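Enquirer: So in numbering that gives the first Met the number 0, the last spot in the sequence shown is 191, and the numbers never skip.
Quick reminder that beta carbons are idealized off the backbone N, C-alpha and C, glycines included.
Keep in mind that this is a model prediction, so the values were computed, not measured.
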Amino acid sequence: MKKAVILLANGFEEIEALSPADYLRRAGAEVIIAATGTSSRNVEGAHKILVTADMTLDTYFSTEKELPDAVVIPGGMPGAKNISECAKAMEFINQMFKEKKLVAAICASPAVVLGKTEFLNGKNWTCYPEMEKSLSKEIQKNHKIQPVVTDENLVTGRGPGTAEQFSMEIVRILFGEETKEKIMESSVQRKC
């Protein structure tokens with residue numbers, strides 16, 4: 000069974016976290032929502048929606064021995080900043096990249112979280128409008144103004160309005176085109 004971990008920190012963008020959780024579960028993935036940078040499983044989103052995570056990231060590391068197939072990093076502010084300031088979350092993301100596991104980041108997170116690593120170097124990517132300007136010119140040159148960009152084991156999305164496309168790209172990579180199409184049809188998604 001494919002496994003994905005979705006990182007939540009206070010101030011996360013709700014639709015960017017819960018859309019991938021929902022669609023990945025529909026596809027058959029084991030999805031673990033992990034509260035990051037806190038000892039509580041309760042995490043408040045950017046729009047004051049309270050979500051109870053499955054476990055904290057600390058609990059995940061103490062119980063899981065293998066890396067998941069994917070990590071999803073929602074945006075939202077200050078959620079993305081809070082993830083970027085959590086040493087354990089950053090170590091986990093670095094480990095996922097080194098092992099060539101799927102790393103999916105949307106909205107502010109490609110710039111704010113992944114921008115603190117070296118993994119955007121030489122990769123095509125996207126993020127929330129204007130946030131790319133906070134990064135070096137070298138990294139900016141591969142920034143694309145597209146809803147979703149995939150480059151090897153990296154999937155990036157532009158923002159809340161692209162959460163569905165972003166989620167379905169993760170489903171496609173982990174489960175294939177046929178599963179993606181079935182979910183799109185059964186959930187009456189727009190064809191983009």
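Compute the distance between the beta-carbons of Ala33 and Ala52, then report whether it is under 8 Å.
Expert: The answer is yes: Cβ separation under 8 Å.
Enquirer: Can you say whether Ser39 is buried or exposed, counting buried as having 16 or more other CB atoms within 10 angstroms of its CB?
Expert: So Ser39 ends up on the exposed side.
Enquirer: Tell me which same chain residues have a C-beta within less than 8 Å of the C-beta of Phe174, skipping the five on either side of it?
Expert: Result list for Phe174: Lys1, Ala26, Gly27 and Ala28, in chain order.
Enquirer: CB Ala3 to CB Asp57, shorter than 8 Å?
Expert: No, the pair does not count as a contact, with Cβ atoms beyond the cut-off.
Enquirer: Suppose the cutoff is 6 Å on Cβ atoms and the five residues either side in sequence are ignored; what does the same chain contact list for Cys126 look like?
Expert: Cβ within range, chain order: Pro109 and Ala110.
Enquirer: Identify which residue in Met76, Lys64, Ile72 and Gly36 has its Cα closest to the Cα of His46.
Expert: His46 has its Cα closest to that of Met76, out of Met76, Lys64, Ile72 and Gly36.
Enquirer: Please classify Leu101: does DSSP put it in a helix, a strand, or coil?
Expert: Leu101: strand per DSSP, three-state reduction.
Enquirer: When the Cα of Asn141 is compared with those of Asn123, Glu15 and Glu177, which residue comes out closest?
Expert: Nearest C-alpha to Asn141: Asn123.
Enquirer: Give me the DSSP bridge partner(s) of Asn41.
Expert: In DSSP, Asn41 forms a bridge with Thr51.
Enquirer: Measure from the alpha carbon of Met130 to the alpha carbon of each residue in Glu13, Glu98 and Ala79, then state which is nearest.
Expert: Nearest of Glu13, Glu98 and Ala79 to Met130, Cα basis: Ala79.
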